[in-house]
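Per the working numbering: the sequence shown = residues -1 to 499.
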Amino acid sequence: MLYQPIYDIAELCALKGLSQAILCPGSRCAPLTLAFTRHEHISTKTFSDERSAAFIALGIAHQMNQPVILVCTSGSAAYNFAPAVAEAYYQQIPLLIFSADRPTAWIDQRDGQTIRQQAIYGGHVKKSFALPEDYSHPDTGWFINRTVNEAINLALEFPRGPVHLNAPFREPLYPPKYEAIHFSKNLRIIERLPQEITVPEQEKKQLLKVFSSFDKILLIAGQEDYNETLLKTVERFIKQQRVAFIGDVISNFHRLPATVRYADSFLAQGTDGLRKSLQPELLITLGKSVISKNVKLFLRKFKPVEHWHIQEAGPVADTFQSMTKVIPSVPEAFFESLQDAPKKTAPFEAQKRDNYFRLWEAEEHRTERSMESFFSTPAFSELHLTFEILKSLPPRCNLHLANSMSVRYANFIGLEASKKGIHVFANRGTSGIDGCTSAAVGHTLSGEVPNFLITGDMAFFYDRNAFWHNYALPNLRIIVLNNHGGSIFNMIDGPADLPEK
Ligand SMILES: Cc1ncc(C[n+]2csc(CCOP(=O)(O)OP(=O)(O)O)c2C)c(N)n1
């Protein structure tokens, strides 16, 4: 069969453990669509709006922790995947994107649905592959097999992310009416062994020495998936070493009682005197983006002497403009290696570490008390409503927070340590309002637990095609904070003072 190597992509994906494909309508993509729909181990769902479909795929990939296959036809369809592709890139979520294309000879010839699709996602995919358009030579099967193997391996390699394959097809695109599709047996799989990156022994000694010389140590976690092993390691580390620890709501560290969750609030209200006293000597960070603007402003002004960022591999962001060391390691291994740090034994030295830790603790407790009193006074406001919703969530659920005020309110309020079964998700890769609902729909379609989405009206109406399908969503509840527009623009300095507002 002409497109046998394409049909075999479905078999290869299944062999490599992929089980979910999201398909968008079109004709040019027929060979791919048929391959995935007719494969017994691939579950397919179809969505008409490519932008929403790609965010749904992102939600499924995130929830199921595996790359999701995404297929679209040629032309602007592929462009409509772009917002979700960028989000997946920055949130490090693996996607295997197939865009069907016309043969190269027809590009720019004013033929329908024909645009320049190769590398269409620019720098927001880990790699763009061009599949062949000539199926006459036996090398084609080898070429497609090794390319798809490489693409899946790459999507899963840290930092995970989206990978694009552009596939040009010539007509006929469909097999004859009653002809069955077969998948080749014994397809070749190229395996990539998992890699555990840890701190080398000779570096460990030096790190321990420097680490031990500091008294004021602050650890911050950016956006992270809930990870019980990491939580336990960090818990032990901060307890033993008396390290202050900020984890905002998207870090999924709320179940640790020692997590500072109100930093956004007390850093905003406090004086520069307070901020100066909280200035760390050593800042250690892990994870992706941090929501709190006040934490960012504080650290950019009161810079640490050293800033270490722990990350297995990939590009590193200098969010606080203070980076001095990038430590390529899985975070668990890094914290384990610092467990051997000599304890400060001289009472005065040990006291200095403890004093800094207690400064953060005192601010946290003070803010907690004022929060309690603030929220115990009934009021009709979005903040009070969000507080009540967070308080009433069931013990096990997924909480989805849309951009922009929803996620900020939730971060301001914080999740209590007792809410350990709540996992938090937000499109904070690019902070777009265009796919918050679709991502939540993707999570809901692929899990058992209840899902709650808190969103503003603009984000909600922007992404209403999240519901343009017939798949039931009994486990999704949506709370729309309907204030007729973006209330974020009343909060930030600038727009509210202008006559055009
Ligand atoms: C795709 C996209 N377009 C524009 C923006 C800029 N933006 C950030 S927040 C916001 C308003 C959101 O309004 P709403 O959903 O009602 O939430 P609220 O701010 O009221 O909480 C806009 C337009 C964005 N983040 N993403």
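C-beta: ideal position from N, C-alpha, C; glycine also. Just so it is clear, the structure is predicted and the values come from calculations on it, not from any experiment.
| request: Grab the span of the beta strand (DSSP E) containing C70 for me, first residue to last. | output: Note, C70: beta strand (DSSP E), V66 to C70.
| Backbone CA spacing between E222 and S249 [nearest angstrom] | So the alpha carbons of these two residues sit roughly 5 Å apart.
| query | Quick one, are the C-beta atoms of H363 and N396 less than 8 Å apart? | reply | The Cβ-Cβ distance between H363 and N396 does not fall below 8 Å.
| field | Exposure of Y176, with buried meaning 16 or more beta-carbon neighbours within 10 Å | value | Exposed: under 16 other Cβ atoms inside 10 Å.
| Segments assigned beta strand (DSSP E), at least 3 residues, entirely inside the segment 75 to 102 | Within the segment 75 to 102, the complete beta strand (DSSP E) runs of at least 3 residues are 93 to 99.
| request: Would you decide whether K389 is buried or exposed? Buried here means 16 or more other CB atoms lie within 10 Å of its CB. | output: Residue environment for K389: exposed (fewer than 16 other C-beta atoms within 10 angstroms of its C-beta).
| query | So G57 packs on A437, CB below 8 Å; how close in whole Å? | reply | By a beta-carbon distance limit of 8 Å, G57 contacts A437. Their separation comes to about 4 Å.
| Contact test: A457 Cβ vs ligand 1 heavy atom, cutoff 7 Å | Yes, the Cβ of A457 comes within 7 Å of a heavy atom of ligand 1.
| query | So which of F79, A103 and P136 has the shortest CA-CA distance to I118? | reply | When the alpha-carbon of I118 is set against those of F79, A103 and P136, the nearest one is in F79.
| field | Reduced DSSP secondary structure (H/G/I, E/B, other) of W306 | value | Note: W306 maps to strand in three-state DSSP.
| said: Rounded to whole angstroms, what is the Cα-Cα separation between Q61 and Q349? | reply: Straight across, the Cα-Cα distance linking Q61 with Q349 is about 44 Å.
| request: Could you check which residue in I4, R394, K286 and S444 has the C-alpha nearest to that of P329? | output: Looking only at I4, R394, K286 and S444, the smallest Cα-Cα distance to P329 is reached by K286.
| Would a C-beta distance cut-off of 8 Å place F53 and C22 closer than the cut-off? | The answer is no: Cβ separation not under 8 Å.
| Between the Cα of E279 and the Cα atoms of G271, D213 and P29, which residue gives the shortest distance? | Nearest option by C-alpha distance: D213.
| message | For L451 and I476, which I take to be in contact (beta-carbon distance under 8 Å), what is that distance rounded to the nearest angstrom? | response | Here L451 really is in contact with I476; their C-beta atoms are around 5 Å apart, less than 8 Å.
| query | Leaving out the 5 sequence neighbours to the left and right, which residues in its chain are closer than 8 Å to T428 when beta-carbon positions are compared? | reply | Once the five neighbours on either side are set aside, the close Cβ partners of T428 are P81, A84, E85 and Y88.
| In this structure, does DSSP put S134 in helix, strand or coil? | The three-state secondary structure of S134, taken from DSSP, is coil.
| query | Taking 7 Å as the cut-off, is the CB of D461 close to at least one heavy atom of ligand 1? | reply | Judged by the Cβ position, D461 fails to qualify as a neighbour of ligand 1 at the 7 Å threshold, every heavy atom of the ligand being at least this far.
| message | Nearer than 7 Å: is that true of the beta carbon of M403 relative to any heavy atom of ligand 2? | response | Only ligand 1 can be found as ligands here, which leaves ligand 2 out of the picture.
| field | Limits of the unbroken alpha helix (DSSP H) element including I4 | value | Segment Q2 to L13, the alpha helix (DSSP H) holding I4.
| Contact check, L272 vs L297, beta carbons under 8 Å | Cβ distance not < 8 Å, so L272 and L297 don't count as in contact.
| query | Between A408 and S402, what straight-line distance do the alpha-carbon atoms span, to the nearest angstrom? | reply | In a straight line, the C-alpha of A408 is about 11 Å away from that of S402.
| Distance between L471 and S501 (C-alpha atoms, nearest Å) | In this structure the chain extends from -1 to 499, so residue 501 is not present and cannot be described.
| message | Would P101 and R36 be called neighbours here (beta carbons separated by less than 8 Å)? | response | In this structure, R36 does not lie closer than 8 Å to P101 by Cβ.
| Alpha-carbon to alpha-carbon, P170 and D109 | Here the C-alpha atom of D109 lies approximately 17 Å from the C-alpha atom of P170.
| request: Name the two residues that bound the continuous beta strand (DSSP E) containing H162. | output: H162 -> beta strand (DSSP E) spans P160 to P166.
| Through-space distance from K124 to I91, alpha-carbon basis | When rounded, the distance between both Cα atoms is 11 Å.
| query | What is the DSSP secondary structure of C395, counted as helix, strand or coil? | reply | In the three-state DSSP reduction, C395 falls in the strand class (E or B).
| task | Tell me N449's beta-bridge partners as DSSP assigns them. | result | Answer by DSSP bridge pairing, in chain order: N396 and L474.
| said: Measuring alpha carbon to alpha carbon, tell me which residue in F333, I188 and Y133 is nearest V232. | reply: For V232, the nearest C-alpha among the options comes from F333.
| message | What does DSSP give as the partner residue(s) for K502 in the beta ladder? | response | Residue 502 lies beyond the range of the chain shown here (-1 to 499); nothing can be said about it.
| Comparing alpha-carbon positions, which option in A149, I411 and P448 lies nearest R189? | Strictly speaking, residue 189 in this sequence is Glu, with Arg absent from that position. For the residues A149, I411 and P448, the minimum Cα distance to E189 belongs to A149.
| request: Indicate the three-state DSSP secondary structure (helix, strand or coil) for H421 in the structure shown. | output: The answer is strand: DSSP assigns H421 an E or B state.
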